[in-house]
Every structure is written in C-alpha cells, then in structure tokens.
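Residue numbers (the numbering used here), protein chains in the order written: chain Y, 1 to 308; chain X, 1 to 269. Every residue, glycine too, gets a C-beta built ideally from N, C-alpha and C. None of the values given here were measured: they were computed from a predicted structure.
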Amino acid sequence: MNRQAVITPPSVRSAASDGPAARRSGALSRWLYSRPRVRLGALLVLPLAWLGVLYIGSLLLLFATAFWRVDTFTSKVQPAFTLDNFVRLATEPAYQATALRTIGISLAVTLLCAAVALPLGLYMAKVASRRVRTLLAIGIALPLWAGYLVKVYSWRISFTTGGPLDWLLRPFGLDAPGYGTGALVVTLAYLWFPFMAVPVYSALRQIPENLFEASSDLGGRSWATVRHVALPLLKPALIAGSIFTFSLSLGDYIAAQFVGGKTQVIGTVIASNINLNPPLAAAFSMVPLAVVVLYLLAARRSGALKHF
Amino acid sequence: MQFSAGSRSALRAVAGLVMAAVYLPLLLVILNSFNATTSGSFPITDFTTRWWTAAWNNEGAREAIATSVRVAAAATLISLVLGTLVAFALSRYSFFGKSTVNLLVVLPIALPGIVTGVALSNTFKTVLDPLGIGLGMFSIIVGHATFCIVMVFNNVQARLPRMNRNLEEAAMDMGATSWQTFWQVTFPGFRSALVAGGLLAFALSFDEIVVTTFTAPPGTETLPIWIFNNMARPNQAPVVNVIAAVLILVSMIPVYLSQRLTGDDRRGD
Numbered sequence: 001m002n003r004q005a006v007i008t009p010p011s012v013r014s015a016a017s018d019g020p021a022a023r024r025s026g027a028l029s030r031w032l033y034s035r036p037r038v039r040l041g042a043l044l045v046l047p048l049a050w051l052g053v054l055y056i057g058s059l060l061l062l063f064a065t066a067f068w069r070v071d072t073f074t075s076k077v078q079p080a081f082t083l084d085n086f087v088r089l090a091t092e093p094a095y096q097a098t099a100l101r102t103i104g105i106s107l108a109v110t111l112l113c114a115a116v117a118l119p120l121g122l123y124m125a126k127v128a129s130r131r132v133r134t135l136l137a138i139g140i141a142l143p144l145w146a147g148y149l150v151k152v153y154s155w156r157i158s159f160t161t162g163g164p165l166d167w168l169l170r171p172f173g174l175d176a177p178g179y180g181t182g183a184l185v186v187t188l189a190y191l192w193f194p195f196m197a198v199p200v201y202s203a204l205r206q207i208p209e210n211l212f213e214a215s216s217d218l219g220g221r222s223w224a225t226v227r228h229v230a231l232p233l234l235k236p237a238l239i240a241g242s243i244f245t246f247s248l249s250l251g252d253y254i255a256a257q258f259v260g261g262k263t264q265v266i267g268t269v270i271a272s273n274i275n276l277n278p279p280l281a282a283a284f285s286m287v288p289l290a291v292v293v294l295y296l297l298a299a300r301r302s303g304a305l306k307h308f
Numbered sequence: 001m002q003f004s005a006g007s008r009s010a011l012r013a014v015a016g017l018v019m020a021a022v023y024l025p026l027l028l029v030i031l032n033s034f035n036a037t038t039s040g041s042f043p044i045t046d047f048t049t050r051w052w053t054a055a056w057n058n059e060g061a062r063e064a065i066a067t068s069v070r071v072a073a074a075a076t077l078i079s080l081v082l083g084t085l086v087a088f089a090l091s092r093y094s095f096f097g098k099s100t101v102n103l104l105v106v107l108p109i110a111l112p113g114i115v116t117g118v119a120l121s122n123t124f125k126t127v128l129d130p131l132g133i134g135l136g137m138f139s140i141i142v143g144h145a146t147f148c149i150v151m152v153f154n155n156v157q158a159r160l161p162r163m164n165r166n167l168e169e170a171a172m173d174m175g176a177t178s179w180q181t182f183w184q185v186t187f188p189g190f191r192s193a194l195v196a197g198g199l200l201a202f203a204l205s206f207d208e209i210v211v212t213t214f215t216a217p218p219g220t221e222t223l224p225i226w227i228f229n230n231m232a233r234p235n236q237a238p239v240v241n242v243i244a245a246v247l248i249l250v251s252m253i254p255v256y257l258s259q260r261l262t263g264d265d266r267r268g269d
C-alpha cells in the first residue's frame, strides 16, 4: 500500500488520461525513450558548448595569443607567429628568477604543510581521545569556509610592523620578519593546509592497527614504525595533498600582494601585463599551466591518484 | 601503537600549536575590528564600535555585497543545470570520450585560477567584445559558472548510482511520460545532493577573487574585489576589518553547528 503510493503518486497516474497535450508529450517521451543516443546528445549539448567550446576555446586562444605581438605604435594586439614572448621570458633574468622563485615558494609551502600535517595526523589518529579527535577534525576543515581574503587579511595584520607577531616575539629578543617571502610562505601554507591535513589524517586512520602492533612486536620503536610503516603507506595521501598545496600556491598572487612585500610571483607579472601586453601575459601563464600538468602527470605515474 | 610519554606530549604540543595558528589570526581579525587606532599596533588599548557603524553605513560595501549575491545566484543557477546534465550523461551512459568529458568538468578547478581568468578575459576582449559582448556582469557570471559546474557535478554524480532505477521504470510502466518521471520520481531522489552542490557552488562563487579580477569591468566590484581594493587603504582598512569579522562569524558558526550536530567523525569509529 505504502509502497504503491511511492511509485505512483496521483499526478503520475493521471498521465494516462487523454488530452491532446498529454498525448503529444507521451509520443515525444516514447520517441526519446527508444533513442538513447539522442537523449545523451541532448544532455551533453549545453555543457559541451560551455566547457568544450567556450572554456577550451579560450585556453586555445590564450595559447595562440602567446605567439602574437603588440604593435608598438598602436599598442594593439596583432595576430602573428613570433616566439619573441617566450624568448623574452627565457632570457630576461627577472622573469627567470620570478618563475623559479614561485616554484620554490610552492614547494616550500607544500613541505611546510606536509611537515605539520604528519604529526597532527599522528596525534589525531593514534593519541587523541575520540572527542578531541572529532573537535580537531572539525577544527581543521572549518577555516575552509572563512573566506580566502579574510584569511590573507588575518595574516596581513599578524605580520604588520608593531603588530601581534612583533609583540609575541619581542620578549625573546626577536623581531617578526614583516612582509616578505617568509610571510608569504606561511600565509599560503595557512590557506591550503586543510587540503593536506585532511587526506593525511584519513589515510593514517585507515592503516590497520595490526601493522603498528606487528612493527612494535618486532622491536620497532614508535618513531621507526612511523618512518618505515606509516610513511610509505601515506605516500598517496601526501601526493594527493601536495597537488592542491602546490598548484594553488603556484597560481596565487593576491597573497603575494598583501603579505609578500616586494616579492614578485608569476601571477604578479601576468596580472600587471594583462592590459599592457596580453601576448606576454599569455606566454607567462603557460608556465604555471605546464608545471601543473607535469606535476599531475608525475603524480599519476606514481599511482597516487587512483586512491583519491 | 604506543608512543612514549615524551613523544605523546610532543605530538600534543604540535596539535595545540596548529590549532592556535589556525584560530588566533581569525580571532585577531574579530578583536581588531574593535580597535580604536588604525595603526594595527598590538596589544589593543582602546576599544570602539565606531567601525561597525561605519561598515553598516558603507555604500560601497553594500553595493559589493549585492553584486556578489547576484553573481553567485546566477552562476549557481547555471551550474545547477549544466552540472546535473553532465552528471546524468556520465553516470547513465557509456560513450566514446567519456573520461575526456569528465576531465573537462574538473579542469577549470584543477588549473590555477589565474590561467582560467586570463584565458576568459582574453576571449572576451579579442572575440566577444567586437561582437558587442564586452566585460560586464555577464562575463563575471560566465567565469564563475565555469568553475562552479564541478561542485554540482561531483555531488549529483556521487548520488545517482545509489538511486533505485526500478522506481523510474515502474513510473513509466504506469504511463508517466519521461518528463513526469523525471520531476516526480528521479528529481526527489537527488534533490538533497543538488542542494548541497548548489550551496558549495554559491560559497565558491561568493569567495572567488582571481577569476573575477580578470573578468570584471572597471568599476564593478564583487565583495572580494571591494575588500581587495580597500584592504591597503588606511582610511578604509577598519571597515574592511569589520566586514572580514562578519564574514568569519557568518560563515563558520553555521558550519560548526551543523558539523557538531551531525557528528562527522563518529561514523569512522
């Protein structure tokens, strides 16, 4: 009785009632039902028009623009085929340094996130009580909702001269570093930390307790167990997390603007050239694109992506 | 596994430090919104609610919030439709190029935002502007919808395989048209996934800045753009601080409560 009510609500039952409109939509419905390819086409036409034509088209056009040039007199973009933009990027020391610096910052952010996520995950999975563990799990993921700029702002006021970090470090005879590359690495690590901490923690929890016990039965001290048993099993989680921390850091330039001091990153150069010299901006945006794609390919080769 | 007492306290100290590093800066933003001086020096000595009044009466911030809500609503609506369409196509049909379509949906969020932003800005300037579609609200919405689709897609795609398709067959056997079957049988089955995906898409759009900076025309400010433009201005910084404090409270308290109520981690034990 109840079950039938679920399957055929009254309005559905009335579909069989005769009426020209009902008959027509019934005919269309039957026609579609027997043609799955048409239905598939109808499902895909809009999304593919959006993502396949507009988005991929834009990426391809961006790639093409990287080979165009700017007319020096009218300062308008002209279709051409020139490698000048790439040559400029490869030969001007300032651009080289910026690209390398950005990759270095992204790696430092990734290492910092991993170095903090590991002991935190160990504490949550192996030491903390259930209540504390729940609180910490919520506590890590919660700031994801706090808003990107809000978090950048919070570190901007923390690092300001005479601000909280200065006040905190003064009793130790230290000065806060102020805005600069160090502040940038800390801020980026803060922004993307949940993307590393969550997979590491859940991977740690999935390791069977037997493995840890077997290791300690065989005489492995706790830290040796962590290194030789847990760490190899955490590799996929660390790689998955690093994809986020690395590629998000690579494309970021807003944080650099507010806490980086004079530190220039790839994004800064792209943003400052987008109106003046679009082809150069296009060429430089191929750098993070290529690095992220290479990183993804390397991660896939390591087999880490299968688990996530 | 048993850690020695020393290791345990070391790990506990790390966990404590991490939580302090996560929450003290946010707490600082809230405290600082009551700071009477604008120099940002610490510790705070004079407290005032002046900035909260100033923020409440700030026209620019109000307009920016309205713009952000409009953009996020439109982008969410588009991504609800497109994300659901792709999710159905990918989870109910097998066809050539399926994994490519899957990659296509994920790509806008996997690539650095600056690449998406520059690419769309370039297209609008060189192709669409001559056709009369320049940068405007429309281009911001297009940019946001592009990376919001994946949020809806992920949620709906995770739900669809778990639904009972026999119910649909039964409805059609009883004479319901495809349209009626969809709205009265299929749709209620994944409605909650759609709502969850829509909320994520809205939140993502509301918070987005990089793609927006490249697709917004001069003069149009979403809330993040407004914050971005005013953060470094000494006169406006206290107002930005209040807005930031409000955003922290408004975004995190409901999520915290819902997490506590559902007890996220309990199922794992």
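Member of the options whose CA lies at the smallest distance from the CA of residue i
| i | options | result |
| --- | --- | --- |
| serine 4 of chain X | Y:Ser222, Y:Leu83, Y:Phe86 and Y:Ile140 | Y:Ser222 |
| arginine 101 of chain Y | Y:Arg39, Y:Leu204, Y:Leu280 and Y:Thr268 | Y:Thr268 |
| valine 70 of chain Y | Y:Leu120, Y:Trp31, Y:Val116 and Y:Asn275 | Y:Asn275 |
| serine 202 of chain Y | Y:Ala189, Y:Tyr123, Y:Leu250 and Y:Val265 | Y:Tyr123 |
| leucine 204 of chain X | X:Thr49, X:Phe47 and X:Val69 | X:Val69 |
| leucine 191 of chain Y | X:Val18, X:Arg92 and X:Ser33 | X:Val18 |
| threonine 245 of chain Y | Y:Leu111, Y:Trp50 and Y:Tyr253 | Y:Leu111 |
| leucine 61 of chain Y | Y:Pro279, Y:Ser247, Y:Asn85 and Y:Val116 | Y:Pro279 |
| leucine 234 of chain Y | Y:Leu204, Y:Asp217 and Y:Tyr253 | Y:Leu204 |
| glycine 136 of chain X | X:Glu221, X:Ala36, X:Arg8 and X:Ala55 | X:Glu221 |
| cysteine 113 of chain Y | X:Leu131, X:Met174, X:Leu167 and X:Val22 | X:Val22 |
| leucine 144 of chain Y | X:Asp173, X:Gly219, X:Tyr256 and X:Ser139 | X:Tyr256 |
| glutamate 209 of chain Y | Y:Ile105, Y:Leu32 and Y:Lys126 | Y:Lys126 |
| leucine 119 of chain X | X:Val101, X:Val152 and X:Ile140 | In the sequence as displayed, the identity of residue 119 of chain X is alanine instead of leucine. Considering only alpha carbons, the answer is X:Ile140. |
Reduced DSSP secondary structure (H/G/I, E/B, other) of residue i
| i | result |
| --- | --- |
| asparagine 275 of chain Y | coil |
| asparagine 272 of chain X | It is not possible to answer for residue 272 of chain X, since the shown part of chain X is limited to 1 through 269. |
| asparagine 164 of chain X | coil |
| asparagine 154 of chain X | helix |
| asparagine 85 of chain Y | helix |
| phenylalanine 95 of chain X | coil |
| methionine 124 of chain Y | helix |
| asparagine 235 of chain X | coil |
| asparagine 57 of chain X | coil |
| arginine 221 of chain Y | coil |
| glutamate 209 of chain Y | helix |
| isoleucine 239 of chain Y | helix |
| phenylalanine 42 of chain X | coil |
| arginine 35 of chain Y | coil |
Residue i versus residue j: straight-line alpha-carbon distance, rounded
| i | j | result |
| --- | --- | --- |
| glycine 180 of chain Y | leucine 31 of chain X | 25 angstroms |
| serine 215 of chain Y | serine 99 of chain X | 41 angstroms |
| histidine 307 of chain Y | asparagine 230 of chain X | The predicted model places histidine 307 of chain Y with a pLDDT of 46, which falls under 50 and marks its position as unreliable, so this point remains unresolved. |
| leucine 174 of chain Y | tryptophan 167 of chain Y | 10 angstroms |
| leucine 11 of chain X | leucine 120 of chain Y | 7 angstroms |
| tryptophan 183 of chain X | threonine 177 of chain X | 10 angstroms |
| valine 14 of chain X | tyrosine 153 of chain Y | 24 angstroms |
| isoleucine 291 of chain Y | isoleucine 103 of chain Y | Checking the displayed sequence, the identity of residue 291 of chain Y turns out to be valine instead of isoleucine. Their Cα atoms are separated by approximately 9 angstroms. |
| threonine 226 of chain X | phenylalanine 202 of chain X | This sequence places tryptophan at residue 226 of chain X; threonine is not what is there. Roughly 18 angstroms between the two C-alpha positions. |
| threonine 82 of chain Y | phenylalanine 73 of chain Y | 18 angstroms |
| valine 142 of chain X | alanine 224 of chain Y | 52 angstroms |
| threonine 212 of chain X | histidine 144 of chain X | 8 angstroms |
| leucine 26 of chain X | serine 158 of chain Y | 10 angstroms |
| leucine 59 of chain Y | tyrosine 95 of chain Y | 22 angstroms |
| arginine 227 of chain Y | phenylalanine 42 of chain X | 42 angstroms |
| glycine 268 of chain X | arginine 133 of chain Y | The pLDDT assigned to glycine 268 of chain X is 40, lower than 50, so where the model puts this residue is not dependable, and the model offers no usable value. |
| proline 224 of chain X | valine 210 of chain X | 9 angstroms |
| leucine 104 of chain X | serine 91 of chain X | 15 angstroms |
| valine 185 of chain Y | alanine 66 of chain Y | 30 angstroms |
| glutamine 157 of chain X | proline 218 of chain X | 38 angstroms |
DSSP beta-bridge partners of residue i
| i | result |
| --- | --- |
| arginine 69 of chain Y | Y:Gln78 |
| phenylalanine 190 of chain X | In the DSSP output, where bridge partners are listed per residue, phenylalanine 190 of chain X has none listed. |
| phenylalanine 182 of chain X | In the DSSP output, where bridge partners are listed per residue, phenylalanine 182 of chain X has none listed. |
| asparagine 35 of chain X | X:Phe47 |
Distance CB(residue i)-CB(residue j) smaller than 9 angstroms
| i | j | result |
| --- | --- | --- |
| arginine 159 of chain X | glycine 198 of chain X | no |
| isoleucine 114 of chain X | phenylalanine 124 of chain X | no |
| phenylalanine 187 of chain X | leucine 40 of chain Y | no |
| alanine 271 of chain Y | leucine 89 of chain Y | no |
| valine 86 of chain X | proline 47 of chain Y | yes |
| alanine 61 of chain X | valine 239 of chain X | yes |
| leucine 248 of chain Y | leucine 188 of chain Y | yes |
| asparagine 58 of chain X | aspartate 46 of chain X | no |
| leucine 218 of chain Y | alanine 89 of chain X | no |
| phenylalanine 172 of chain Y | alanine 232 of chain X | no |
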